[in-house]
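Structure first, then comments.
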Amino acid sequence: MESHALPKIVLASGSPRRVDLLTQYLDDIFGEAVVSFVIDPADLDETPLQGETPLAHVQRLANAKAQLVAQRHVGADTVVIAGDTTVDVAGAIFGKPVDDAEARSMLQQLSGRTHHVHTALAVIRGERMAHVVDSAAVTMTHITDEQLNWYLATGEHADKAGAYALQGQGGALVDKVVGSLTTVIGLPLDALAEALSACGCGWKIGQ
């Protein structure tokens, strides 16, 4: 498929991880340097609602981000992709830490335990909208004070749900992942393919 036949693709996120994963996904399908997309982050209050579960939280935010950005890119053949990720610790929502102290507290609570990471995606194409959510179980190592101080000093935790980045130096704090690594990073590629297909984009890797 040639690039001019493709719809306009808009990623409603400024996350470098999601940008990299979407680039990888499109390159695998269409070939390197063939497809480009617009990056237009949604600016929303991500504070959980009272009593909101982690799954409901990520689904609400992904849908809201997609709808907000779709209003800025009106077109029958425009595809808007939005996502939201949260860390679920026995029903408690761990979002992005506001400071180093909160990051330290989060990592101390995650240490030696298994938690779940939920990523919800919402895709809008014209009048169609698809919603998917994928989850993975992550078991952390027993994080020593020395490791904790080292990791916080990297600054990598600052904009990450749960205060760690699996794909970065935070991977040293992770013992095991059950599920898709791309779910933990923030853009589950199998779920993305499902949502795109539901909106009429039947792209397949290797086509």
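In case it helps, our numbering puts the sequence shown at residues 433 to 639. By construction, the Cβ of each residue, glycine as well, lies at the ideal position given by its N, Cα and C atoms. A quick note: this is a predicted structure, and the numbers were derived from the prediction, not measured.
Query                                                                                                                                        : Result
What is the C-beta distance between proline 555 and valine 511, in whole angstroms, given that I count them as a contact (C-beta under 8 Å)? : The amino acid occupying residue 555 in the given sequence is valine; proline does not appear at that position. Yes, they are in contact, since the Cβ atoms of valine 555 and valine 511 sit about 7 Å apart, within 8 Å.
Any idea what DSSP makes of isoleucine 575, helix, strand or coil?                                                                           : coil
Use the C-beta contact count for glycine 594: other C-beta atoms within 10 angstroms, 16 or more gives buried, fewer gives exposed.          : buried
Would the beta-carbon of isoleucine 575 fall within 7 Å of that of serine 543?                                                               : yes
By the 10 Å Cβ neighbour count, where 16 or more other Cβ atoms means buried, how is proline 486 classified, buried or exposed?              : buried
Determine the burial state of glycine 632: buried for a count of at least 16 other Cβ atoms within 10 Å of its Cβ, exposed for fewer.        : exposed
With burial defined as no fewer than 16 other Cβ atoms inside 10 Å of the residue's Cβ, what is the status of lysine 608: buried or exposed? : exposed
Give the DSSP bridge partners of aspartate 516, in chain order.                                                                              : Ala552
Specify the secondary structure class of arginine 504 as computed by DSSP and reduced to three states.                                       : coil
Just reading off the beta strand (DSSP E) that leucine 606 is part of, what are its end residues?                                            : For clarity, residue 606 is valine in the given sequence; the question names leucine instead. Note, valine 606: beta strand (DSSP E), 606-610.
Judging by CA-CA distance, which residue of Gly446, Gly603, Thr551 is the nearest neighbour of isoleucine 525?                               : Thr551
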